[in-house]
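Below is one structure, written out as structure tokens; comments come after it.
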Amino acid sequence: MDVLKRLIPVGAFALALAAGGCGGGEPSGSPSAGPSVSANPTLAAMVPDAIKSDGKILVGVDATYAPNEFLAPDGSTVVGFDVDLFKAVAQTLGLTAEFQPATFGDIIPGVGSGKYEVGVSSFTVNDERKKQAQMVTYFSAGTQWATKTGNPAGINPDDPCGKRIAVQKDTVQFEDITKRSEACVAAGKPAVTIQPYAGQDQVASSVVSGKDDAMLADSPVAAYAVKQSNGQLELLGNIYDSAPYGYVVAKDQVEMAKALQAAVDELIKNGAYEQILANWGVQAGAVPSAQINP
Numbered sequence: 001m002d003v004l005k006r007l008i009p010v011g012a013f014a015l016a017l018a019a020g021g022c023g024g025g026e027p028s029g030s031p032s033a034g035p036s037v038s039a040n041p042t043l044a045a046m047v048p049d050a051i052k053s054d055g056k057i058l059v060g061v062d063a064t065y066a067p068n069e070f071l072a073p074d075g076s077t078v079v080g081f082d083v084d085l086f087k088a089v090a091q092t093l094g095l096t097a098e099f100q101p102a103t104f105g106d107i108i109p110g111v112g113s114g115k116y117e118v119g120v121s122s123f124t125v126n127d128e129r130k131k132q133a134q135m136v137t138y139f140s141a142g143t144q145w146a147t148k149t150g151n152p153a154g155i156n157p158d159d160p161c162g163k164r165i166a167v168q169k170d171t172v173q174f175e176d177i178t179k180r181s182e183a184c185v186a187a188g189k190p191a192v193t194i195q196p197y198a199g200q201d202q203v204a205s206s207v208v209s210g211k212d213d214a215m216l217a218d219s220p221v222a223a224y225a226v227k228q229s230n231g232q233l234e235l236l237g238n239i240y241d242s243a244p245y246g247y248v249v250a251k252d253q254v255e256m257a258k259a260l261q262a263a264v265d266e267l268i269k270n271g272a273y274e275q276i277l278a279n280w281g282v283q284a285g286a287v288p289s290a291q292i293n294p
């Protein structure tokens with residue numbers, strides 16, 4: 001996925017966002033090195049033989065969602081707090097995580113088909129996803145709106161009728177704005193012009209360029225986009241609908257789900273979890289323990 005090339009036409013901010021910083025350098029808050037994590041033999045023994053046989057775990061990830069998962073300035077290395085945390089989870093289980101960038105909406109089907117052994121891409125746990133896969137919680141995030149600084153379009157998240165709103169496809173935010181648009185129509189107001197994009201990087205860029213009036217995304221992602229925008233974006237309203245993120249494994253991989261749960265809990269217990277989140281400035285989303293399909 002050539003994010004850098006795809007974003008060049010929409011301005012310097014988009015390029016900086018894809019690169020992880022306004023100057024094209026290392027992203028703000030990016031840790032130079034994560035905590036030292038060793039394999040736990042007891043937890044490693046929980047991993048099914050079919051997964052641990054080659055010593056690695058193949059991860060499907062949408063690398064457009066900074067600071068959770070995105071491409072480093074080299075255009076190929078996937079970085080982010082989600083990435084650092086799952087690397088530590090894999091190490092705890094005696095495995096090496098291998099990340100493969102993919103379109104967000106293709107990851108859960110890919111896990112179900114066996115293309116990926118786990119999906120790690122800020123998946124909010126909901127009933128629809130739990131029908132398709134096992135989900136192991138590790139973080140909590142809500143939804144946050146953002147708009148151009150000064151809110152020139154006069155966006156009100158509670159009344160976005162008639163506005164052009166950018167959102168990433170296949171996310172809970174797409175469902176959110178769709179319901180808001182339906183409420184507008186039911187009230188006799190103009191529908192929201194919903195602009196769905198394949199990647200979150202395109203969402204933020206569309207607002208900076210003025211193509212769209214506002215965006216909504218997971219709270220750490222919206223905050224990071226604002227931070228990287230050089231003053232061109234601002235947050236709008238409060239965080240709402242907080243819910244857990246979950247690692248995704250195939251529906252029949254109950255034992256692997258238990259192994260992931262145990263590994264997350266071990267990292268919480270030994271302090272590595274808190275250190276990784278603090279390195280990226282997202283410790284507000286920390287959870288006290290992991291759960292399977294809550």
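Here the sequence shown is numbered in the UniProt record's numbering, starting from 1 and rising by one per residue.
Glycine included, every Cβ here is placed at the ideal spot set by N, Cα and C.
Here's a check: name, in chain order, each residue in its chain whose Cβ is nearer than 7 Å to the Cβ of residue i, leaving out the five neighbours to either side.
i, result
"residue 296", "Since the first and last residues shown for the chain are 1 and 294, residue 296 lies out of range."
"glutamine 275", "Pro35"
"glutamate 182", "none"
"asparagine 40", "Thr92 and Glu266"
"arginine 164", "Thr193, Gln195, Asp212 and Asp213"
"serine 219", "Ala141, Gly142, Thr143, Gln144 and Ile239"
Roughly how many angstroms separate the alpha carbons of residue i and residue j, rounded to a whole number?
i, j, result
"leucine 236", "glycine 271", "33 Å"
"threonine 77", "proline 101", "10 Å"
"glycine 150", "phenylalanine 99", "38 Å"
"glycine 112", "serine 289", "25 Å"
"residue 312", "valine 254", "This structure cannot settle anything about residue 312, because the visible part of the chain is limited to 1 through 294."
"isoleucine 155", "leucine 277", "31 Å"
"glutamine 173", "serine 206", "16 Å"
"isoleucine 108", "glycine 114", "10 Å"
On the DSSP letters alone, give me the boundaries of the beta strand (DSSP E) that residue i sits inside.
i, result
"tyrosine 138", "133-148"
"proline 101", "96-101"
"glutamine 195", "193-197"
"aspartate 159", "Segment: none, aspartate 159 is in no beta strand (DSSP E) and carries neither H nor E."
Using three-state DSSP, classify residue i as helix, strand or coil.
i, result
"isoleucine 239", "strand"
"valine 59", "strand"
"tyrosine 116", "coil"
"threonine 64", "strand"
"residue 295", "No answer is possible for residue 295: it lies beyond the span of the chain, which begins at 1 and ends at 294."
"alanine 39", "coil"
"proline 152", "coil"
"proline 220", "helix"
"glutamine 168", "strand"
Should residue i be labelled buried (16 or more other beta-carbon atoms within 10 Å of its own) or exposed?
i, result
"valine 185", "exposed"
"alanine 128", "Sequence check: residue 128 is glutamate here, not alanine. Under this definition glutamate 128 is an exposed residue."
"proline 67", "buried"
"threonine 124", "buried"
"tyrosine 224", "buried"
"tyrosine 116", "buried"
Skipping 5 residues on each side, what residues in its chain have a beta carbon closer than 8 Å to that of residue i?
i, result
"glutamate 234", "Ala146, Thr147, Lys148, Thr149, Gly150, Asn151 and Val226"
"glutamine 291", "Val136, Thr137, Pro244 and Gln261"
"residue 302", "Any question about residue 302 goes unanswered here, given that the chain covers just 1 to 294."
Excluding sequence positions up to five away, which residues of its chain have a Cβ less than 6 Å from the Cβ of residue i?
i, result
"alanine 284", "none"
"alanine 97", "Ile57, Val59, Phe86, Lys87 and Ala90"
"glycine 23", "Any reading at glycine 23 must be qualified, since the residue scores a pLDDT of 31, below 50, and its modelled position is unreliable; no value is offered."
"lysine 189", "Cys161"
In the DSSP assignment, find the alpha helix (DSSP H) that holds residue i and state where it starts and stops.
i, result
"phenylalanine 81", "81-92"
"aspartate 176", "172-186"
So, is the C-beta of residue i closer than 7 Å to a C-beta in chain D?
i, result
"arginine 129", "You won't find chain D in this structure, because it holds only one protein chain."
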